[in-house]
Every structure is written in C-alpha cells, then in structure tokens.
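Per our numbering, the very first residue in the sequence shown carries number 6; after that it's consecutive.
Just so you know, even glycine gets a beta-carbon here, dropped at the ideal spot from N, CA and C.
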Amino acid sequence: MSQVNTAWRTFSAAPHRMMFLAGAVQGLAVIAWWLIELIGRYTSAWLPPIWAIPATWAHGFLMIYGFFPFFIFGFLMTVYPSWMNGTKVPPRRYVPAFLLLACGVLLFYLGLLAGKGLLIVALVLMLAGWGIAFHALLDVLITARHPDKLHPRITSVALGMGWLGLLAYLLWLVTGNALFAVFSLKAGVWFLLLPIFFTVGHRMIPFFSSRVLDNYQIVRPTGALGVMLVCAYGHGMLEILGWNAWLWLFDLPLLAQAMYLSGHWQLRRSFEVRLLAVLHVGFAWVSIALALYAVQSLALLAGVSMLGFAPLHALTIGMFGSMVLGMASRVTLGHSGAELDADSATWVLFWGFQLAALARIGGDLPLAGAAAGHFYLLAAVVWLACFVPWFVKYAPKYWRPRSDGQPG
C-alpha cells in the first residue's frame with residue numbers, strides 16, 4: 006500500500022504529470038479507435054462498426070476536446086504562475102479536474118457503443134472537469150499582480166470558448182439539432198485551439214530562441230495577436246455560417262502575419278538546436294494551413310470544390326500536433342530533471358510525425374483519387390508508429406520521481 010501511495014504522490018505532485026499522461030494515453034487511444042473505423046471503411050477486414058453517433062463527428066470531438074486539452078491544461082497550469090508571478094495551482098484543483106476529464110473521456114468511448122445516454126453523462130463530467138480547471142487558471146490570472154497579462158488573458162478567453170463548445174456538443178446530443186455540433190467542432194478549432202497555440206507560440210518561441218541562439222533579437226509584436234484573434238474568430242464564424250467561399254478574407258491577412266513571425270523568429274537558425282526547431286516547425290505549419298485554406302476558399306469562389314479536409318489537417322496535425330509534441334517533450338524533460346535536449350530518437354519521431362500530417366493532407370489532394378482511403382490509413386498508422394515510441398520514452402517520467410531529487 007505504501008508503494009501505491011508513493012506512486013500516487015509522485016504522479017499527483019504537479020499538474021503536468023497528470024494531464025500530460027492523460028493526453029499521452031489519448032494520443033494513442035483516439036487514433037487507435039479511428040484506425041478501427043478507417044479499416045472498416047477502406048478495407049475488407051471487417052465492416053465499419055456501428056457507433057451511437059456519426060464516426061466523423063466523434064473523431065473531431067475526441068481530437069479537439071479529448072486530446073489537446075489535457076496538454077493545454079497541463080501546460081498552462083505549469084506556466085501561468087511563472088508568467089505572472091502568481092500562486093501555483095494546488096492539487097485540490099487539478100486532481101479533481103484531471104479525474105473528471107479522464108473519466109468523461111473514458112465514458113465517451115463506452116458511450117459510442119452503449120448509446121447517447123452514456124455520451125451525455127460523459128459530456129457532463131467533462132464540462133465539470135473543464136470548469137474546475139478553468140476556474141483554477143482564472144484564479145491565478147485574477148489574483149496575480151503582474152503588469153503584463155495579455156497572453157494569459159487570451160488563452161483564458163479561449164478556454165472559456167472551449168467550455169461553450171463542449172456545452173454545444175452536449176446540447177446536440179440532447180436535442181439532435183446538428184447546428185450545435187457544427188458550432189462545437191468549428192469553435193473548437195478557431196475559437197479554442199488556434200488562439201491558444203498561436204498565443205503560446207507568440208509568447209514562448211522568441212523567448213526560447215533568445216536563450217539558445219547567439220545575438221538573437223526578440224520580435225514579439227502585440228499587434229500580431231490582434232490580427233490573429235480577428236482572423237481566427239472571423240474565419241470560424243464564416244465556417245459556422247457556411248460562407249466558405251469568403252474565408253480568404255481572413256486567411257490571407259493571418260497568413261501574411263504568420264509568415265512575418267516565422268521569418269523574424271529565424272526559423273532556419275532554429276535548426277541549430279533540435280528542441281527549439283520542433284517548435285518553429287510546428288508554428289510554420291500554420292502558414293501552410295492558411296495557404297491551403299485560402300486556395301480552397303478562392304477556388305470555391307470560382308465554383309470549384311477542392312482540397313477537402315487537407316487545410317484542416319495541416320492545422321490540426323501539422324501545427325497543433327507538432328507543437329504539442331514539442332512543448333510536451335520540453336516540459337517533460339525540464340520537470341523530470343533531464344537535460345533539455347531533443348535526442349536522436351525524439352528528433353526522428355518528430356519528423357515521422359510530419360509524415361503523418363503530409364499523408365493525411367495527401368489523401369485530399371486531387372492526385373490522390375481513388376487511393377484517398379489508403380492515405381488516410383497511412384496517416385493513422387504513421388501517427389501511432391511515432392506516438393507509441395514517444396509514449397514509451399516520455400510517459401514513465403510522469404509517475405517517476407525527478408532524476409535530480411527536486412520536487413515536482
């Protein structure tokens with residue numbers, strides 16, 4: 006019993022340990038479940054399983070609200086106190102949040118087989134867990150006396166929008182009105198994830214770069230965040246309204262802003278330090294995604310439908326996924342007492358992960374044709390081929406004591 010208690014105390018000693026482990030498990034579970042669906046669709050191995058809700062909408066939900074938020078909450082609970090010289094988030098806040106979110110996600114999987122009743126319970130638990138975690142971060146934000154709270158204010162608003170997105174998904178399950186589901190999935194990408202990942206990149210990438218690159222000048226224009234917010238919310242609203250032919254009005258300005266930042270943050274120089282390069286490459290994906298969105302939107306304006314979900318996956322797998330891998334690796338190494346260095350294994354896994362993004366994008370390019378399903382399968386297989394070794398390498402650090410004997 007003492008060993009169990011010791012293991013629990015170590016595991017619950019810091020919010021990133023609990024949240025990151027749940028996120029790492031989800032990185033395997035979400036894609037493994039999706040691969041089961043894809044094999045049923047595109048091969049003769051078995052028939053597509055019958056789920057309680059459309060598989061595509063379940064996949065979107067699990068990625069947006071069941072995978073990324075664990076890493077987001079673990080990261081923000083770690084950095085909010087340091088960003089604002091505030092008080093640390095106590096275990097009485099992050100432990101219940103973790104348990105409710107994790108149990109909610111588990112019940113969601115069971116509900117896909119058992120029916121909407123269990124899915125509704127899962128959403129209620131996730132809403133409660135999200136609310137507790139959100140309140141804990143707001144408490145740090147409100148009570149800290151720091152002159153610069155711009156970045157945490159933006160990420161906090163985004164988390165509030167995420168809670169509303171979860172609520173909208175619950176309302177879809179209860180009422181059957183598909184508009185709620187559409188809002189939930191679109192808001193999850195454009196009102197929750199993009200503002201958070203862009204803002205975190207704006208805050209951390211120049212800072213990390215200045216610590217390891219010689220003669221590095223930090224470029225962090227606050228106006229870039231304003232452009233991002235206007236364009237992200239504008240794009241999201243147009244998608245919700247179905248006015249996709251006009252998305253380029255918001256995508257092109259944000260594309261220009263993102264390319265400006267990548268250039269002035271010195272993307273090419275970042276390859277001098279691998280652990281830094283993964284963040285720069287992850288952020289560079291937003292420019293690729295926005296370029297694809299702009300091409301797709303302008304094509305629609307001309308009456309041509311093309312690219313499918315390629316722009317979306319350039320954003321979600323390319324940017325969000327790569328930055329999660331980079332930030333989670335960095336935080337895990339730093340808070341386990343290990344050296345802040347992306348070794349050869351991590352470096353290879355990161356580039357393998359880029360292949361997963363390219364494979365998924367390739368499936369929606371015009372040249373894919375009838376082979377599109379094979380690209381989708383390849384993307385899922387490559388994701389797992391990279392994420393399994395990453396899990397084996399990093400996950401044990403969440404329940405083991407720090408190697409340097411320090412707390413947390």
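Looking at residue i: is its Cβ nearer than 8 Å to the Cβ of residue j?
i, j, result
"L176", "F185", "yes"
"M82", "P20", "yes"
"G65", "L190", "yes"
"L281", "V217", "yes"
"G331", "V283", "yes"
"A350", "K402", "no"
"C391", "A347", "no"
"S17", "M24", "no"
"P59", "E42", "no"
"M233", "G287", "no"
"V415", "L33", "Within the shown structure, residues of the chain are numbered from 6 to 413, placing residue 415 beyond reach of any answer."
"W270", "V309", "no"
"A385", "L40", "yes"
Mark residue i as exposed unless 16 or more other C-beta atoms lie within 10 angstroms of its C-beta, in which case mark it buried.
i, result
"P211", "buried"
"L306", "exposed"
"L118", "exposed"
"W51", "exposed"
"S215", "exposed"
"S292", "buried"
"W388", "buried"
"V417", "Any property of residue 417 remains undetermined from this structure, which presents the chain solely from 6 to 413."
"W253", "buried"
"Q31", "buried"
"T204", "buried"
"W248", "exposed"
"F196", "buried"
"S161", "buried"
"S334", "buried"
"I201", "buried"
"I55", "exposed"
"T337", "buried"
"F276", "exposed"
"A127", "buried"
"Q222", "exposed"
"G71", "buried"
"V94", "buried"
"G122", "exposed"
"A192", "buried"
"P157", "buried"
Given this structure, state the Cα-to-Cα distance separating residue i from residue j, to the nearest angstrom.
i, j, result
"M6", "W13", "Because M6 sits at a pLDDT of 49, beneath the cut-off of 50, its placement in the model cannot be relied upon, and the point is left open."
"W38", "S49", "17 Å"
"P406", "G326", "27 Å"
"F113", "W168", "17 Å"
"F73", "T321", "10 Å"
"A299", "S87", "37 Å"
"L26", "M68", "16 Å"
"W395", "A29", "9 Å"
"F459", "A373", "For residue 459 there is no data in the structure shown, the boundaries of the chain being 6 and 413."
"M131", "I125", "10 Å"
"L370", "L146", "44 Å"
"L111", "N220", "48 Å"
"F143", "A375", "Per the sequence shown, the amino acid found at residue 143 is Leu instead of Phe. So the two alpha carbons sit approximately 49 Å from each other."
"L257", "M242", "16 Å"
"G239", "L246", "11 Å"
"R365", "A319", "8 Å"
"L295", "Q411", "43 Å"
"A173", "F78", "20 Å"
"T15", "S302", "50 Å"
"C108", "G342", "30 Å"
"R98", "G116", "27 Å"
"V187", "A133", "22 Å"
"F80", "V35", "20 Å"
"T92", "Y47", "51 Å"
"G231", "I44", "43 Å"
"V194", "M166", "10 Å"
"L312", "R274", "32 Å"
"A289", "I159", "21 Å"
"G268", "A377", "34 Å"
Answer yes or no: does any C-beta atom of chain B fall closer than 8 Å to that of residue i?
i, result
"F213", "No chain B is part of this structure, which consists of one protein chain only."
| Would you call the segment 337-354 and the segment 376-383 touching, i.e. three or more CB-CB distances under 8 Å? | no
| query | At what residue ranges does the segment 205-288 contain a whole run of the alpha helix (DSSP H), taking only runs of 4 or more? | reply | 228-246 and 253-269
| field | Inter-stretch contact (C-beta, 8 Å, three-pair minimum) for the segment 102-117 and the segment 129-139 | value | yes
| said: To test your reading of the DSSP string, which unbroken alpha helix (DSSP H) runs of 4 or more residues are found completely within the segment 345-379? | reply: 349-367
| Taking only runs of the alpha helix (DSSP H) that begin and end inside the segment 102-154, which ones reach a length of at least 4 residues, in chain order? | 121-148
| said: So within the segment 281-328, which uninterrupted alpha helix (DSSP H) runs reach at least 4 residues, ignoring any that extend past its ends? | reply: 315-318
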